[in-house]
Structures are given as structure tokens and as C-alpha cells.
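> The structure follows.
2 protein chains.
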Amino acid sequence: MNLAYHKKYNNLNMKDYVYNVLKENIMNLTIKPGTILRKKEIASEFEVSRTPIREAFVKLKEEGLIDVYPQRGTFVSYIDLDKVKEAKFMREALETKIVKLACEVFPDEKIFDLEANLKVQEMSLQQNNYLKLFEYDNEFHKMLFEGCNMENIWTSIEQISSHLNRMRILSLSADFNRSDVIEDHQRIINTIRERDSKKALQVMESHISRIKFDQEKLKRDYPDYFAS
Amino acid sequence: MNLAYHKKYNNLNMKDYVYNVLKENIMNLTIKPGTILRKKEIASEFEVSRTPIREAFVKLKEEGLIDVYPQRGTFVSYIDLDKVKEAKFMREALETKIVKLACEVFPDEKIFDLEANLKVQEMSLQQNNYLKLFEYDNEFHKMLFEGCNMENIWTSIEQISSHLNRMRILSLSADFNRSDVIEDHQRIINTIRERDSKKALQVMESHISRIKFDQEKLKRDYPDYFAS
DNA sequence: AATTCTAAACTAGTATGTTAGTATTATTAA
DNA sequence: TTAATAATACTAACATACTAGTTTAGAATT
């Protein structure tokens, strides 16, 4: 199976550890859509019983990352373009509203954290590490919500974005020339610092609208990743 | 424990059946915040083993309806006003955006379903059945999302609204004079039928802004329902 | 009577066994 | 060779047993 593990989940119980590791590997496309997930195999991979695996599956299913067919098997879900569309709609609605709010309430001391994050993004771009760039891009947006005390909304976005984010990863892996994204992030920081909500809204709108990829091309290049 | 059951969940497996029944009873406040949930007791109540109960708990925990303290116990979560605030923010952002979209894409034949739903709301109001009114109010908004092919976004809203909706139930049970809400719904239908997105946005904004209750009064009347 | 200690009764988390249904393979019949 | 059937090997769902940590109640001590 060859999973990528991460120490950062080590303090959790097995159920949550398994959930996090599997989720990360599914999102990364390390485990490809359509792959069967054998409880027994994964249990021995993690050196635990089937119980925590099964409980991790309950959570993964709820987020649409896997499909469970009773008495038949459990499979990594195929990318569903309807869900991609819904996630984009939701992100657009919420990110534009949050950036306006951020101009009012985002604490000055946390702007520094945004800048620090951006530096890591720049490094990741230079290193051609698209997974790391993706991770810190997401982290950047998460920080915007946290700074407005809306971390649960970000959790919601993450949950609905399981299909969208796999598309973004596919797109990034093909075309890694995304300095435009980093420039957008810098502009967002600037407008928040200047408390210019009108401009912030504009910048965020154009930033989110970049989340569009040639769906037809991706579907052609990876036909076995998609549903229907 | 005295749970309210519903036949509508009967076709599910035990895990999902238990999840749905418990969720409904928690949302209704039939099971009060802070109540301990004993796996053994619930298992015998449903006449199943502890396994499907435990799996239902995994889902309930993910939605913030219960708090699990290892080796100590599982409790119905207290209403968290921060989460109420976040749910309101999210609903406002998404419902205003969806009603604009509805004016473009909502299918004419489904407008009839909205009208039918509204009739049930009126009946519920006459019968002073606030739980039924609440149910069909939610169903109305769900139908708006479904008509725009955005049912997963409604699922997201439902998930983040577990604390907000308990506040709404509390508020409804105290003040059941809510013909204004039904009038709003009629206006929403009308604007969609007329495909008047500008007016639709206005109506929805004022409709959602009604989701505000005297938090301080509710907290005074039900002090043991709230966190901190 | 108040405090400390100890043992029993709880809990969540994990492990393993059982059941019933599905898919696959081997076997038989045509 | 092909089609139908039976046996086998899977699976998810559910039941039960065990482990380790927490709380509670009661006994012992002051």
C-alpha cells in the first residue's frame, strides 16, 4: 500500500491517527480513486485490530472520501465533478465574506503569522514542492478564518472540499507555475493590514476565481480518477 | 431515556438508525445538554450491541453534538454561542448566494413543491406544532439548495448548525408567533418565480436576519444548557 | 467529624469472534 | 466449449471480551 505517514498525528488515538493518515494519502492521490481498501490489510499495516480502522472508515465515509458497499467492499471515491462545483461555490461565498470581516477584526499580531506562512509558500515554490505549497496555501486560508474566530467554518470548507482539493492537486502537479497565487496572498495580507474591505473583496474574488482548471483535460489525462 | 423514534429511519443499518434517532432527540432538546450517554443503556434501549452505538457516537462527535471524554464518559454537548455565531455567518453567506442562483436555475416544476411545503408550514403554525414547523422550515431551505443541485452544501449547513438549531428550537418553544417567517417564505417563492434575483437577495437577507433571538434571555432561562 | 486510602464500579478504546450477504472460482452438466 | 450450479473466499455489520484509566463509595485513619 505504501502510505505516507506523518509524525504530527502521533498524539492521537489509533482511530484518529488512521483517519488522518488515510485522509492525507487519499487527498494526495497517493491512494488512487477506485482503490479497494481492505480492512484486514490496513489493520496489519498499522499493527492494530479492525476496530479502529472501521471507525476511521465511518469518518472517511461521512466526508465522501470513500464509498462503502456492504458485504462487497470499501473503495476510495472517484472524483465527482458535481461535488467539485459545490465546493467552489461554497468557498467563494465564504472566503469573500470572511475577508471583508477580516478587515474589521483580524488582529494585527496575527498578520505577522500570515507573512511567515507566505515565506514558506515562496520557498515551496522555489523547491518545486507542490504538495508543500498546497498545504501552506490551505493553511493560509485557514488562518484567515481563525483570525476571525471562525475556525469551524474552515473545517466545514475542508470537509466539502475533498473532491475539489484532489482536482487542485492534479492541476498543480501538471502545472506548477503558480507564483500568481502567492502574489494574491500578499495582496490579501496588504488589504487586511490597510483595513480596506472593498479592495480585499476584489482581491479575494479574483483569487478564488483562479481555482479553475481545465476539467476536460484532467478528465482526459486521468480518466480512471473520475466518476461516471 | 424516553426517546422519540421515527419510522422514516427504518430502512437504515443500525449504526445510521441510532445516529439519526439520537441526533433528532438531541436537536429537539428531548435529551438535554450535559446529559450523560451510557453506551450500555442505549444499546439495550435499541436492542443491539455496543458496536453500532459506538459508531453512531463517532458521527455525533464529528458534528459537535456530543463530547467524548476517554475513560470518563460521553455527554450531550452544551450550546456553544461561538458555534451559533459561526453557523449564522455561514447560513447568511450561502443562502443569499443560493437564492440568487435559484432565480437563474431553479426549475419551474419544483416551485410547486415549495408551495406544497409552505402549506404544511401554515398548518403546523395553526396546530401550534413548533417542531413540525421547524422541520418544514428547514426542509424548505433544503429544497432551495436541491433545486440548484447543491444538496451537499445544505448538508454542510446542517452539520455546522447543530448548536444554532437548538437555539432556534428554544426560541420557537418560547415564542411561537412566527407567521412572519412563513410570509418570508412566500415572498422567496414569488421572487424565484419572477426570476427577480435582486429582490430575492433582499428578501433572503431580511429573512435570515430574523434568526436572532435574545441570547441573554435564553441563557438566563436555560442556564444549564450553555457552555461556560 | 474530617481526611486519607483502598477497592469496586464505572468508562472509552481496542481486539477478536460471529453472522449474513456478495463475488469468484471450481465443478458439474449440457 | 459453454452454461449452470455448487463450493469457497471474500466482505461489512454486528456481538462480545478484554485492557487501562477514571470516578465513586466505603473503610481505615487521624
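Chains as they are written, first to last, in my numbering: chain A, 40 to 267; chain B, 40 to 267.
A virtual CB, placed ideally from N, CA and C, is assigned to each residue, including glycine.
In chain B, which residues lie less than 8 Å from ILE192 (chain A) when you measure between Cβ atoms?
Within 8 Å Cβ-Cβ: GLU125, PHE128, MET129, ILE199.
> Thinking C-beta only, is CYS187 (chain A) closer than 9 Å to ILE227 (chain A)?
The answer is no: Cβ separation not under 9 Å.
> DSSP puts PHE265 (chain A) in a beta bridge; with which residues?
In DSSP, PHE265 (chain A) forms a bridge with A:ILE118.
> When the Cα atoms are used, what is the spatial distance from ASP183 (chain B) to ALA213 (chain B)?
A small fix is needed here, since residue 183 (chain B) is Leu in this sequence, not Asp. Those two C-alpha atoms are separated by around 28 Å.
> To the nearest angstrom, how far is the alpha carbon of HIS180 (chain B) from that of SER88 (chain A)?
Their Cα atoms are separated by approximately 43 Å.
> Please state whether the Cβ-Cβ distance between ILE199 (chain B) and GLU80 (chain B) is less than 9 Å.
Going by C-beta atoms, ILE199 (chain B) is not nearer than 9 Å to GLU80 (chain B).
> Interface residues of chain B around ALA155 (chain A) at Cβ under 9 Å?
Here the premise fails: no neighbours, minimum Cβ distance about 26 Å.
> I believe HIS224 (chain A) touches LEU157 (chain A) by the beta-carbon criterion, under 8 Å. Please report the beta-carbon distance rounded to the nearest angstrom.
5 Å between Cβ atoms; contact.
> Taking the runs of the alpha helix (DSSP H) that are 4 residues or longer, which of them lie wholly in the segment 166 to 241 of chain B?
Fully enclosed alpha helix (DSSP H) runs of 4 or longer: 169 to 186, 190 to 199, 201 to 213, 218 to 232.
> Just reading off the alpha helix (DSSP H) that LEU65 (chain B) is part of, what are its end residues?
First, the amino acid is wrong: residue 65 (chain B) is Ile here, not Leu. Here the alpha helix (DSSP H) through ILE65 (chain B) covers 53 to 66.
> Can you say whether HIS246 (chain B) is buried or exposed, counting buried as having 16 or more other CB atoms within 10 angstroms of its CB?
Counting Cβ neighbours within 10 Å, HIS246 (chain B) comes out buried, since at least 16 surround it.
> Can you give me the Cβ contacts of SER236 (chain B) inside the same chain, cut-off strictly under 6 Å, excluding the 5 residues immediately before and after it?
The residues are LYS139, CYS142.
> If the cut is a Cβ gap below 9 Å, which residues of chain B does ASN188 (chain A) touch?
Under the 9 Å cutoff, chain B gives ASP121, LYS124, GLU125.
> Hey, out of B:GLU131, B:LYS62, B:LEU51, B:ARG205, whose CA is closest to LYS258 (chain B)'s CA?
Here the closest residue by C-alpha is B:ARG205.
> Measuring only the C-alpha atoms, how far is VAL107 (chain B) from ILE92 (chain B)?
The straight-line gap from Cα to Cα measures roughly 13 Å.
> Between THR135 (chain B) and GLU222 (chain B), which are expected to be in contact by the criterion C-beta below 8 Å, what is the C-beta distance as a whole number of angstroms?
That belief does not hold up - the Cβ atoms of THR135 (chain B) and GLU222 (chain B) are roughly 18 Å apart, past 8 Å.
> At a Cβ cut of 7 Å, what residues of the segment 100 to 115 of chain B count as close to chain A, listed as they run along the chain?
Listed by position along the chain: GLU101.
> Does any residue of chain B have a CB that is nearer than 9 Å to the CB of GLU94 (chain A)?
Yes, GLU94 (chain A) lies at the interface with chain B (some Cβ there is under 9 Å from its Cβ).
> Is it true that the segment 249 to 258 of chain B meets the segment 147 to 163 of chain B, where meeting means three or more beta-carbon pairs spaced less than 8 Å apart?
Touching, no, given that fewer than three Cβ pairs across the two stretches are closer than 8 Å.
> Could you name the residues of the same chain whose beta carbon sits closer than 6 Å to that of TYR58 (chain B), not counting the 5 residues immediately before and after it, in chain order?
Answer for TYR58 (chain B): ALA95, LYS98, listed in chain order.
> Ignore the nearest five residues each way along the sequence and tell me which others in LYS54 (chain B)'s own chain have a CB closer than 6 Å to its CB.
Result list for LYS54 (chain B): PRO91, GLU94, ALA95, in chain order.
> Could you check the C-alpha separation between ASN229 (chain A) and ALA155 (chain A) for me, to the nearest Å?
One C-alpha to the other measures close to 14 Å.
> What are the boundary residues of the alpha helix (DSSP H) that ASP260 (chain B) is part of?
That run of the alpha helix (DSSP H) goes 254 to 260.
> What residues of chain A sit near LYS139 (chain B), judged by a beta carbon separation below 9 Å?
Result: empty, since nearest Cβ-Cβ is about 10 Å, beyond 9 Å.
> For LEU13 (chain B), return the contacting residues in chain A, with the cut-off set at a CB-CB distance below 9 Å.
This structure does not reach residue 13 (chain B), given that chain B is present from 40 up to 267, and the question cannot be answered.
> Leaving aside the five residues before and after TYR56 (chain A) along the sequence, list all residues of the same chain whose C-beta is less than 6 Å from its C-beta, in chain order.
TYR48, listed in sequence order.
> Which whole runs of the beta strand (DSSP E) in the segment 72 to 140 of chain A are 3 residues long or more, in chain order?
Within the segment 72 to 140 of chain A, the complete beta strand (DSSP E) runs of at least 3 residues are 105 to 108, 112 to 115.
> Going by C-alpha distance, which of B:LEU61, B:SER210, B:THR69 is nearest ARG271 (chain B)?
Because chain B here runs from 40 to 267, residue 271 (chain B) falls outside it and cannot be looked at.
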